[in-house]
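Using this note's numbering, the letters of the sequence shown map in sequence onto residues 8 to 306. Just so it is clear, CB atoms sit at the ideal spot from N, CA and C, and this is done for glycine as well. These numbers come from a predicted model, not from an experiment. In what follows, a structure is listed as C-alpha cells, so that the remarks can point back to it.
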Amino acid sequence: MKIFVTGASGYIGGSIATTLVAAGHEVIGLCRSANKAVLLKQRSIEPVLGTLRDEQILFQAVRSADAVINAADADDPFVVEVLLQALKGSGKKLIHTSGSSIVGDRAAGERSNRIFHEDIPRPIRFEKIGRVAIDTQVIESVVWGIHSVVMCPCLIYGDGTGLHTQSIQIPWMIAVAKKHQVARYIGRGENIWSTVHIEDIVSAYMLALEKAPAGSFFFLENGESSFKEIAQTIQHELGFEGTAQSWTVEEAIQEWGQEGTHFAFGSNSRIRSEKAKSLLGWTPKHSSVVDWLKKSSNL
Numbered sequence: 008m009k010i011f012v013t014g015a016s017g018y019i020g021g022s023i024a025t026t027l028v029a030a031g032h033e034v035i036g037l038c039r040s041a042n043k044a045v046l047l048k049q050r051s052i053e054p055v056l057g058t059l060r061d062e063q064i065l066f067q068a069v070r071s072a073d074a075v076i077n078a079a080d081a082d083d084p085f086v087v088e089v090l091l092q093a094l095k096g097s098g099k100k101l102i103h104t105s106g107s108s109i110v111g112d113r114a115a116g117e118r119s120n121r122i123f124h125e126d127i128p129r130p131i132r133f134e135k136i137g138r139v140a141i142d143t144q145v146i147e148s149v150v151w152g153i154h155s156v157v158m159c160p161c162l163i164y165g166d167g168t169g170l171h172t173q174s175i176q177i178p179w180m181i182a183v184a185k186k187h188q189v190a191r192y193i194g195r196g197e198n199i200w201s202t203v204h205i206e207d208i209v210s211a212y213m214l215a216l217e218k219a220p221a222g223s224f225f226f227l228e229n230g231e232s233s234f235k236e237i238a239q240t241i242q243h244e245l246g247f248e249g250t251a252q253s254w255t256v257e258e259a260i261q262e263w264g265q266e267g268t269h270f271a272f273g274s275n276s277r278i279r280s281e282k283a284k285s286l287l288g289w290t291p292k293h294s295s296v297v298d299w300l301k302k303s304s305n306l
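In C-alpha cells form, the structure reads like this:
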C-alpha cells in the first residue's frame with residue numbers, strides 16, 4: 008500500500024512512517040526542509056518537500072496515495088480541509104491524529120475522578136472547541152465518500168523511531184527539572200493523565216489502517232499517573248536530593264505558558280480505550296510511564 012504521512016519527520020508521524028516501511032508499505036512523507044528530505048530518504052521514505060499550506064503539493068500527494076495519515080497538527084483546520092477535499096469521493100482511508108486534551112479541565116493540579124469513554128458525550132472547554140470541530144468534521148466526512156478515522160492518544164512517552172525521537176510533556180518536565188535542579192508539578196500535583204507508549208500508538212495505527220470502520224473515533228491509552236508521581240520519579244532518576252516541588256499556576260505560566268500550564272501539566276485527562284481493544288484487537292504492551300522513566304537512558 009502507498010501511504011502519505013504528514014508529520015513524517017515528527018515524533019508520532021515519524022514513528023508510524025518507519026514502521027510502515029518496515030512492514031513493506033511505500034511511504035510518502037511531507038517535510039519542510041531539504042535536510043530532512045535527505046534524512047527521510049535514508050529511511051526509505053519518499054520525501055515530499057512542502058508545508059501544510061502548499062495546497063497543490065498536498066493534493067498531488069493525497070491523490071497518488073492509497074491512504075493518508077495526518078500526524079502533523081491536531082489543531083490545523085486548513086490542512087484537514089485540503090486533505091478532505093482531495094480525498095472526497097475516493098473511498099480512501101484518512102487517519103487523523105487528535106489528542107486527549109480535548110477532555111482536559113483547568114484543575115490547577117487538583118484530581119478529577121471523571122473518566123471519558125469514546126461513546127459518552129463529553130463537555131467541551133471553549134479552548135478546545137477548534138480541535139473538537141476538526142475531529143467532528145473528519146468523522147462526518149464519511150458522507151463525502153472518505154473512510155475517515157480519528158485516533159486520540161493521551162500523554163505519550165517512549166523513544167520514537169523517526170527523525171524526532173522525543174515526545175512533548177515528559178521531556179519538557181525533564182528540561183525544567185534540569186534547569187531549576189528540582190522537578191516541578193502544579194498545585195498539589197494530584198491531577199491525572201492517561202498515558203500511552205509510542206510503540207503502542209504505532210501498533211494501533213497499523214491496526215486502524217487495516218481494520219478501523221469508517222467514521223470511527225478511538226482513544227488510545229494504557230495506564231495513568233498523577234503529575235506529582237511523574238515529577239517525583241524524574242526528581243529521583245536525575246539524582247536530585249529531596250522531593251519534587253510545587254509551582255503555583257502563576258509560577259508555572261512563566262515556564263510553560265498558558266496552554267502548557269492549564270492543559271499539558273495542570274489538567275486531568277483520563278480516558279479509556281475499550282473500542283481500540285475490542286474493534287481493532289489492540290493489545291498495548293506498556294502500562295507505566297513511571298516504570299519507563301526508571302529504565303530510560305534519556306534523562
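In three-state DSSP terms, what is residue 292?
-> On the sequence shown, position 285 is the one that residue 292 refers to. Reduced to three states, the DSSP call for residue 292 is coil.
Assign residue 60 to one of two classes, buried (16 or more other C-beta atoms within 10 Å of its C-beta) or exposed (fewer than that).
-> Against the sequence shown, residue 60 aligns to sequence position 53. By the C-beta density criterion, residue 60 is exposed, having fewer than 16 other C-beta atoms within 10 angstroms.
Complete runs of the alpha helix (DSSP H) confined to the region 16-57 [at least 4 residues] | The region 16-57 is shown to contain whole alpha helix (DSSP H) runs of 4 or more residues at 18-29 and 41-49, in chain order.
Cβ of residue 244 within 7 Å of Cβ of residue 286?
-> Within the sequence shown, residue 244 is the residue found at index 237, counting from 1. Within the sequence shown, residue 286 is the residue found at index 279, counting from 1. Going by C-beta atoms, residue 244 is not nearer than 7 Å to residue 286.
Cβ neighbours of residue 194 in the same chain (closer than 6 Å, five flanking residues each side left out) = As a first step, residue 194 is located in the sequence shown; it is residue number 187 there, counting from the start. So the list reads 115 and 116, once near-sequence residues are dropped.
So, are the CB atoms of residue 72 and residue 163 less than 7 Å apart?
-> Walking along the sequence shown from the start, residue 72 turns up at place 65. Walking along the sequence shown from the start, residue 163 turns up at place 156. No, Cβ-Cβ distance for residue 72 and residue 163 is not below 7 Å.
Nearest-angstrom beta carbon gap, residue 158 and residue 225 [assumed within contact, 8 Å] | As a first step, residue 225 is located in the sequence shown; it is residue number 218 there, counting from the start. As a first step, residue 158 is located in the sequence shown; it is residue number 151 there, counting from the start. With 8 Å as the limit, residue 225 and residue 158 qualify as a contact, their Cβ atoms being about 5 Å apart.
Since residue 154 is in the alpha helix (DSSP H), which residue starts that stretch and which ends it?
-> Start at 1 with the first residue of the sequence shown, and residue 154 comes out as number 147. Counting along the chain, residue 154 falls outside any alpha helix (DSSP H), though it belongs to the beta strand (DSSP E) covering 154-160.
Is the beta carbon of residue 222 sitting closer than 7 Å to the one on residue 110?
-> As a position in the sequence shown, residue 222 is number 215, starting the count at 1. As a position in the sequence shown, residue 110 is number 103, starting the count at 1. No Cβ-Cβ contact shorter than 7 Å links residue 222 with residue 110.
In DSSP terms, what residue 74 is bridged to | As a first step, residue 74 must be located in the sequence shown, where it is residue number 67. Answer by DSSP bridge pairing, in chain order: 10 and 100.
What does residue 227 pair with, by DSSP beta-bridge criteria?
-> Within the sequence shown, the letter at position 220 stands for residue 227. DSSP lists 160 as partners of residue 227.
Nearest-angstrom Cα distance between residue 242 and residue 166?
-> Here residue 242 is taken as the residue at index 235 of the sequence shown, counted from 1. Here residue 166 is taken as the residue at index 159 of the sequence shown, counted from 1. Distance between the alpha carbons of residue 242 and residue 166: 20 Å.
Integer-rounded CB distance, given that residue 76 should sit under 8 Å from residue 12 | As a working note, residue 12 is residue 5 in the sequence shown. As a working note, residue 76 is residue 69 in the sequence shown. 5 Å between Cβ atoms; contact.
Starting from the C-beta of residue 208, find all residues in its chain whose C-beta is less than 7 Å away, skip the five residues before and the five after it, and write them out in chain order.
-> Position 201 of the sequence shown, counting from 1, holds the residue named residue 208. Contacts found: 19, 160, 163 and 227.
Should the region 204-218 be called in touch with the region 183-193, which here means at least 3 C-beta pairs below 8 Å?
-> Touching, no, given that fewer than three Cβ pairs across the two stretches are closer than 8 Å.
Any contact of the region 170-181 with the region 121-141, i.e. 3+ C-beta pairs under 8 Å?
-> Not touching, per the Cβ criterion.
Find out if the Cβ-Cβ distance for the pair residue 153, residue 275 is shorter than 7 Å.
-> Translated into positions along the sequence shown, residue 153 becomes position 146. Translated into positions along the sequence shown, residue 275 becomes position 268. Taking 7 Å as the Cβ cut-off, residue 153 and residue 275 do not qualify as a contacting pair.
Leaving out five residues before and five after residue 22 in sequence, what residues of the same chain have Cβ atoms less than 7 Å from its Cβ?
-> As a position in the sequence shown, residue 22 is number 15, starting the count at 1. When the five nearest sequence neighbours on each side are left out, the beta carbons in the same chain lying within less than 7 Å of the beta carbon of residue 22 are those of 167, 168, 169, 205 and 209, in order along the chain.
Would you call the CB atoms of residue 211 and residue 289 closer than 7 Å?
-> Numbered from its first residue, the sequence shown carries residue 211 at position 204. Numbered from its first residue, the sequence shown carries residue 289 at position 282. Yes, Cβ-Cβ distance for residue 211 and residue 289 is below 7 Å.
For residue 105, the three-state DSSP class (helix, strand or coil) = For the purposes of this step, residue 105 is identified with residue 98 of the sequence shown, where counting begins at 1. Residue 105 falls in the coil class under three-state DSSP.
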